[in-house]
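**Student:** Have a look at this one before I ask anything.
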Amino acid sequence: MKLGRAAVFLSFAAAGCAQPAPPPLSIDPRVGVRPDAGVLVDTPLAVSTDGHGFTRVSIQLHNPNRTDLAVNCTADWFDDLGHPVSGLMGAPMRVAVPASGVEFCETVSPSPAARRFRVMVTPVF
Amino acid sequence: MTVYFPRLFCALAFSPVLAGCASRPQPTQIISARTDQSGYGMGLDSRDFSSAAQATVQKMLTSGALDNPRGGRYIIAISNITNDTMQRIDTDQLIKKIRVQLLNSGKAAITTAISDNGAEDAMTMRVRQLRKSKEFSQRNAAGEHEMAEPDLSLSGKIIQSNNTVDNGQRVDYAFQLTLTDLHSGVAIWEGEEPLSKLGSNGTVAW
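Here it is in structure tokens:
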């Protein structure tokens with residue numbers, strides 16, 4: 001009887017282990033997604049630099065849930081030496097991602113000197 | 126004394142309970158724009174202006190409208206920015222953010238010598254009245270034809286419309302901005318940032 005219970009328990013445990021692991025929130029180190037934001041980042045990111053040195057970034061956010069989600073995208077820009085380049089572009093951008101849909105979070109470097117970036121996606125409560 | 130003791134006891138026992146039920150005032154806090162999770166009202170607040178300014182500057186920079194074919198920065202004059210909302214708004218809440226970012230971008234500079242309401246900084250003209258003053262050394266005197274004439278003009282409007290919906294109200298805002306080439310009078314860039322809010326009738330948008 002005990003062996004039977006143990007077998008049932010182990011079968012459930014094995015079934016649990018067999019479930020596919022959830023996809024990573026973001027595999028690009030330049031984009032951080034807080035786990036409770038509920039959105040996934042599609043990669044690769046669209047990053048381009050125009051003829052005047054401004055870097056433009058488009059991040060595609062995917063909402064796998066059945067409800068609409070609102071998130072804030074906050075970009076940090078840095079120069080080549082790693083010093084932060086502050087400005088209006090560092091203000092949080094509110095993005096509404098429809099259920100089972102995608103939306104883009106877009107940011108532009110505040111100046112040609114700002115070439116490195118980091119974007120954080122956080123939930124809006 | 127024994128008759129009144131239960132009443133006194135009850136009063137003392139319930140007073141903390143009643144005090145706990147009373148709403149406590151919001152303590153004063155410093156809000157950081159990066160971590161601001163406070164609720165939204167139906168009116169416009171600094172987050173709305175930041176979002177609109179940010180989106181506007183991004184579109185201006187990526188449109189190429191500020192790429193001066195002669196090289197260098199464009200000089201922009203601030204024209205009329207109309208507040209067509211039911212709120213008392215200083216339009217500099219929007220425009221100043223745009224100005225700062227455009228200046229930092231290296232693409233444009235704003236003249237304060239002329240605007241829709243005359244000079245934003247009257248000192249530029251006042252120092253020129255000192256050219257013949259014997260009280261001032263003329264070593265650093267501003268010369269004639271030194272002031273930069275603006276190439277572009279930035280004008281705009283903030284619009285609000287209120288509508289009643291099923292169980293509340295909907296307020297639609299639009300931040301409209303135009304860059305006009307002052308040589309030709311042609312608008313070389315136009316942008317509109319919509320913002321809509323849905324809330325209860327208990328909140329007001331003015």
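Sequence order for the protein chains is A and B. The working numbering applies: residue 1 is where the first sequence begins, and numbers increase by one. The working numbering applies: residue 126 is where the second sequence begins, and numbers increase by one. Yeah, the Cβ is synthetic: ideal placement off N, Cα and C, and Gly gets one too. Predicted, not measured: the structure shown is a model, and the values here were computed from it.
Around the C-beta of Ile201 (chain B), are 16 or more other C-beta atoms found within 10 angstroms, so that it is buried, or is it exposed?
**Tutor:** Sequence index remark: in the second sequence, residue 201 (chain B) carries index 76 (1-based). Buried, by the Cβ-count rule.
**Student:** Starting from the beta carbon of Thr74 (chain A), find every residue of chain B whose beta carbon is closer than 7 Å, and list them in chain order.
**Tutor:** The residue given as residue 74 (chain A) occupies position 74 in the first sequence. By Cβ distance, chain B contributes Arg159.
**Student:** Please look up how many angstroms separate the CB atoms of Glu318 (chain B) and Thr187 (chain B), rounded, as I've assumed it's under 8 Å.
**Tutor:** Numbered from 1 along the second sequence, position 193 holds the residue referred to as residue 318 (chain B). Numbered from 1 along the second sequence, position 62 holds the residue referred to as residue 187 (chain B). About 14 Å separates the two Cβ atoms, so there is no contact after all.
**Student:** Start and end of the alpha helix (DSSP H) containing Ser176 (chain B)?
**Tutor:** Position 51 of the second sequence, counted from the start, is the residue given in the question as residue 176 (chain B). Residues Ser171 to Ser188.
**Student:** What number of angstroms, rounded off, separates the C-alpha of Asp241 (chain B) from the C-alpha of Lys221 (chain B)?
**Tutor:** In the second sequence, counting from the first residue as 1, residue 241 (chain B) sits at position 116. In the second sequence, counting from the first residue as 1, residue 221 (chain B) sits at position 96. If you take the alpha carbons of Asp241 (chain B) and Lys221 (chain B), they lie about 15 Å apart.
**Student:** Between the segment 227-257 of chain B and chain A, which residues of the former have a C-beta closer than 8 Å to a C-beta of the latter?
**Tutor:** Asn229, Ser230, Gly231 and Lys232
**Student:** Give me the Cβ distance between Ala177 (chain B) and Leu304 (chain B), rounded to the nearest whole Å; I'm assuming they're in contact under 8 Å.
**Tutor:** Mapped onto the second sequence, residue 177 (chain B) falls at position 52. Mapped onto the second sequence, residue 304 (chain B) falls at position 179. Incorrect: roughly 16 Å between the Cβ atoms, too far for contact.
**Student:** In angstroms with no decimal places, state the Cα-to-Cα distance between Pro35 (chain A) and Ser230 (chain B).
**Tutor:** Counting from 1 along the first sequence, the entry for residue 35 (chain A) is found at position 35. Counting from 1 along the second sequence, the entry for residue 230 (chain B) is found at position 105. So the alpha carbons of these two residues sit roughly 34 Å apart.
**Student:** Unbroken alpha helix (DSSP H) runs of length 4 or more, entirely within the segment 219-274 of chain B: which are they?
**Tutor:** The qualifying runs are 248-251.
**Student:** What is the residue span of the beta strand (DSSP E) that Ile313 (chain B) lies within?
**Tutor:** The residue you call residue 313 (chain B) lines up with position 188 of the second sequence. That run of the beta strand (DSSP E) goes Val311 to Gly324.
**Student:** May I ask you to list the residues that DSSP assigns as paired with Asp76 (chain A)?
**Tutor:** Translated into positions along the first sequence, residue 76 (chain A) becomes position 76. Answer is A:Arg118.
**Student:** Closest to Asp291 (chain B) by CA distance: which of B:Leu307, B:Gly324, B:Leu320 and B:Lys184 is it?
**Tutor:** Counting from 1 along the second sequence, the entry for residue 291 (chain B) is found at position 166. For Asp291 (chain B), the nearest C-alpha among the options comes from B:Gly324.
**Student:** With a CB to CB cut of under 7 Å and the five nearest residues on each side skipped, what residues in its chain are close to Gly101 (chain A)?
**Tutor:** As a position in the first sequence, residue 101 (chain A) is number 101, starting the count at 1. Cβ within range, chain order: Asn63.
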